[in-house]
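Numbering (full-length UniProt numbering), first residue to last: 1 to 660. Cβ coordinates follow ideal geometry from the N, Cα and C atoms, glycine included. What you are looking at is a predicted structure, and each value in this text was computed from that prediction instead of being measured. So the structure is just underneath, and the comments pick up after that.
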């Protein structure tokens with residue numbers, strides 16, 4: 001998410017889930033699949049592998065056109081599942097176990113949905129979410145025409161759109177909510193895997209509806225999906241200089257001392273965990289209200305449309321006399337500056353419309369100089385990486401991009417391959433709605449689903465592009481990227497409205513590079529334990545007594561959690577258990593997906609490691625006797641040089657929780 005090489009996994013706060021929803025016509029002639037996945041973005045490689053597995057299993061039932069895969073955009077998930085070279089740099093290549101886990105999880109969630117189809121009804125509702133977002137590039141937003149800005153009350157989209165699902169007996173099945181905010185409440189110092197503010201909203205909704213179940217269990221599924229979040233931050237206190245405390249809300253997001261690397265936005269909480277909780281809770285409360293009041297039924301036929309497009313070569317008719325073109329992909333200088341949610345490196349600042357001879361020379365020597373054609377096409381962007389002209393060992397960025405749209409009755413879901421800014425999203429929704437209107441399908445609800453199918457960074461408006469802040473520098477196909485997408489999605493809307501989807505050209509198929517596993521992540525080595533200790537032994541014990549709001553903590557002799565993950569996808573690393581004296585047995589009350597538990601893995605020397613489990617005891621915890629358990633696998637080398645993974649567990653002493 002943050003593309004920060006120092007940000008490596010060191011444990012687990014919450015589980016990452018794939019949440020799949022299948023809608024079918026009553027005669028089952030057409031189906032639509034929407035999947036919201038707790039990852040940073042969907043990559044092309046990921047999508048192609050998922051669709052291949054679906055084809056092998058279901059034939060032509062689930063296809064390129066009717067399956068939408070959308071990433072929630074959490075910045076605390078795994079990397080390493082991309083085939084284009086640029087993304088390898090900070091995530092150490094293509095990591096096959098990561099890619100496999102994500103592919104298999106998505107397919108499994110679609111399988112589960114496929115097996116649980118029921119006759120049902122859909123309801124739509126919409127409402128405003130307050131105190132949960134700010135625009136992190138307000139100076140870019142202000143470049144949009146005043147006449148356009150005056151039509152909106154805010155420089156972010158505060159509207160949440162919610163789709164509620166019930167079966168025909170009124171039993172609740174689930175919901176999809178779309179709302180535009182970056183899941184970056186957890187900042188780039190975090191090393192625990194988690195699904196951030198959107199994932200916490202899902203967690204709260206599912207815990208409420210699946211009473212008495214552990215997270216990830218139960219039949220009710222609540223997806224909080226991404227939308228046009230390009231310039232939208234949850235860090236509502238805004239940007240401050242970390243060293244001096246003064247505001248750095250200026251066009252370059254720089255501080256007088258320390259420059260851009262000191263300018264960071266803060267969330268509403270005391271720390272990043274607290275901010276995640278507050279923003280997630282805000283989103284959840286609004287969703288619950290909209291869910292309970294949803295009464296507008298969604299009816300009508302299902303349809304889906306998809307095309308592959310060479311985005312580096314699209315001609316766009318702006319009007320009768322003017323035609324412009326998109327460009328080969330390239331990233332500008334301000335890409336390296338990062339944002340107030342996660343700053344970049346060296347002395348790069350946002351809003352750079354001029355290059356720097358020093359960095360230009362380094363770029364030319366290491367990567368090659370951008371062609372004059374690419375430089376001219378991307379004006380006024382000074383090019384840092386001319387990724388469209390970099391092909392070793394494989395292309396650095398995609399040329400072939402998915403555009404996709406599905407209609408569920410009166411709801412059109414526009415699946416976009418990246419991060420549209422607030423105003424870009426508004427223009428796209430409006431254009432699609434107008435297209436439906438003019439082809440005899442009025443009153444369509446249009447929603448943007450973000451981070452779908454292939455990652456192409458950001459999409460700003462032409463006006464925002466001119467000031468070259470981070471989002472504009474990352475608009476990789478040049479200043480007319482948005483106009484090209486609007487033209488393409490209007491084409492899909494027209495095809496759906498006029499029932500001519502079958503006549504849409506498929507477009508050029510994306511390449512699949514022959515990479516099996518190419519990574520700098522070291523292979524798993526044998527785990528070792530300290531002298532006179534064994535795996536799962538307690539190194540630091542719990543206290544005997546705690547109260548609610550305190551933290552119970554225990555440290556074990558541990559092993560690399562990758563050994564467990566690569567052995568058993570359903571592996572649970574920890575439990576908190578309560579003693580029941582009547583039955584003389586222990587009952588699991590929390591697991592590794594619970595918000596209140598944290599699993600830390602600390603790597604030591606010579607294959608040794610420790611695991612610390614924290615339980616942040618929530619208010620209202622029933623008094624009684626509890627214990628914490630840890631489950632792992634250690635890797636052992638056999639004499640014939642084969643390695644096996646051997647399961648083990650560790651258990652803390654029992655401790656008491658007393659009433660306050």
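Problem set entry | Runs of beta strand (DSSP E) wholly within the region 226–270 (minimum 3 residues, chain order) | Listed in chain order, the complete beta strand (DSSP E) runs (minimum 3 residues) inside the region 226–270 are 238–241 and 263–266.
Problem set entry | Three-state secondary structure assigned by DSSP to residue 464 | In the three-state reduction of the DSSP assignment, residue 464 falls in the helix class.
Problem set entry | the region 482–501 / the region 71–91 touching (three or more Cβ pairs under 8 Å) | Cβ pair count under 8 Å is below three, so no.
Exercise. Per DSSP, residue 582 forms a beta bridge with which residues?
Worked result: Residue 582 is not bridged to any residue.
Problem set entry | According to DSSP, residues forming a beta bridge with residue 79 | Among the bridge pairs identified by DSSP, residue 79 is matched with none.
Problem set entry | Secondary structure of residue 4, DSSP reduced to three states | It is coil, neither helix nor strand.
Exercise. Short check: CB of residue 284 to CB of residue 201, under 7 Å?
Worked result: Between residue 284 and residue 201, the C-beta spacing is below 7 Å.
Problem set entry | Of the listed residues 517, 51, 474 and 122, nearest to residue 293 (C-alpha basis) | Nearest C-alpha to residue 293: 122.
Exercise. For residue 65, which of helix, strand or coil comes out of DSSP?
Worked result: DSSP, reduced to helix, strand and coil, places residue 65 outside both helices and strands of the structure shown, so it counts as coil.
Problem set entry | Short CB-CB distance (under 7 Å) between residue 473 and chain D | Any reference to chain D falls outside this structure, which holds one protein chain only.
Exercise. Going along the chain, which residues of its own chain have a beta-carbon closer than 6 Å to the beta-carbon of residue 575, five neighbours each way excluded?
Worked result: Taken in chain order, the residues that qualify are 588, 591 and 629.
Exercise. For the candidate residues 539, 412, 425 and 464, whose alpha-carbon lies nearest to that of residue 442?
Worked result: Comparing Cα-Cα distances from residue 442 to each of 539, 412, 425 and 464, the minimum goes to 412.
Exercise. What do you reckon, are the CB atoms on residue 214 and residue 30 nearer than 7 Å?
Worked result: Contact: no.
For this session: Can you grab the Cα-Cα spacing for the pair residue 472 / residue 228, in whole Å?
Result: When rounded, the distance between both Cα atoms is 14 Å.
Exercise. Residue 16 and residue 195: beta carbons closer than 7 Å?
Worked result: Their beta carbons are under 7 Å apart, which means residue 16 touches residue 195 by this criterion.
Problem set entry | Residues sharing a beta bridge with residue 224, DSSP | In the DSSP assignment, residue 224 forms a beta bridge with 177.
For this session: Would you be able to state if there are at least three C-beta pairs under 8 Å between the region 40–49 and the region 449–458?
Result: Contact between the region 449–458 and the region 40–49 is present: 3 or more CB-CB pairs across the two stretches fall below 8 Å.
Exercise. Where does the unbroken beta strand (DSSP E) through residue 658 begin, and where does it stop?
Worked result: Looking at the DSSP string, the run of the beta strand (DSSP E) that includes residue 658 is 655–658.
For this session: Counting only the same chain and skipping the five closest in sequence on each side, list residues whose C-beta sits under 6 Å from that of residue 350.
Result: Within the same chain, 252, 253, 334, 337, 469 and 470 come within 6 Å of residue 350 by CB-CB distance, once the 5 residues on both sides are set aside.
Exercise. Mind checking whether the beta-carbon of residue 375 lies closer than 6 Å to any heavy atom of the ligand GTP?
Worked result: This structure does not include the ligand GTP; it has no bound ligands of any sort.
For this session: Taking only the alpha-carbon atoms, compute the straight-line gap between residue 331 and residue 573 and give it to the nearest angstrom.
Result: Using only the alpha carbons, I get a separation of about 40 Å.
Problem set entry | For residue 649, the three-state DSSP class (helix, strand or coil) | Of the three classes helix, strand and coil, the one that applies to residue 649 here is strand, per DSSP.
Exercise. Helix, strand or coil: which one does DSSP assign to residue 277?
Worked result: Here residue 277 carries a helix assignment [DSSP, helix/strand/coil].
Exercise. Under a three-way DSSP split, which group does residue 20 fall into?
Worked result: Three-state result, residue 20: strand.
Problem set entry | Cβ-Cβ separation, residue 276 to residue 197 (assumed contact under 8 Å), whole Å | At roughly 5 Å, the Cβ-Cβ gap stays under 8 Å, so residue 197 and residue 276 are in contact.
Problem set entry | Straight-line gap, residue 533 to residue 636 (C-alpha atoms, nearest Å) | Taking the CA atoms as reference points, residue 533 sits about 16 Å from residue 636.
Exercise. What are the start and end residues of the beta strand (DSSP E) that includes residue 44?
Worked result: In the DSSP assignment, residue 44 falls outside any beta strand (DSSP E) and within the unbroken alpha helix (DSSP H) covering 44–58.
Exercise. Beta strand (DSSP E) containing residue 167: first to last residue?
Worked result: Here the beta strand (DSSP E) through residue 167 covers 159–167.
For this session: For residue 401, name the three-state secondary structure that DSSP assigns.
Result: In the structure shown, residue 401 sits in a strand (DSSP, three-state: E or B).
Problem set entry | Residue range of the beta strand (DSSP E) that includes residue 155 | From DSSP, residue 155 is part of no beta strand (DSSP E); its letter is neither H nor E.
Exercise. Helix, strand or coil: which one does DSSP assign to residue 364?
Worked result: DSSP places residue 364 in the helix class (H, G or I) of the three-state scheme.
For this session: Let me know the secondary structure DSSP gives residue 452 once reduced to three states.
Result: Strand.
For this session: Quick one: grab the DSSP three-state call for residue 643.
Result: Reduced to three states, the DSSP call for residue 643 is strand.
For this session: Taking only runs that begin and end inside the region 338–399, name each unbroken alpha helix (DSSP H) of 4 or more residues, in chain order.
Result: If one requires a minimum length of 4 residues, the alpha helix (DSSP H) runs lying completely within the region 338–399 are 357–367 and 372–378, in chain order.
Exercise. Thinking C-alpha only, which one of 584, 3 and 8 is nearest residue 603?
Worked result: Looking at 584, 3 and 8, the one whose alpha-carbon comes closest to that of residue 603 is 8.
Exercise. Quick one, which of 404, 410, 327 and 235 has its alpha-carbon nearest residue 397's?
Worked result: Of the candidates 404, 410, 327 and 235, the one whose C-alpha sits nearest the C-alpha of residue 397 is 327.
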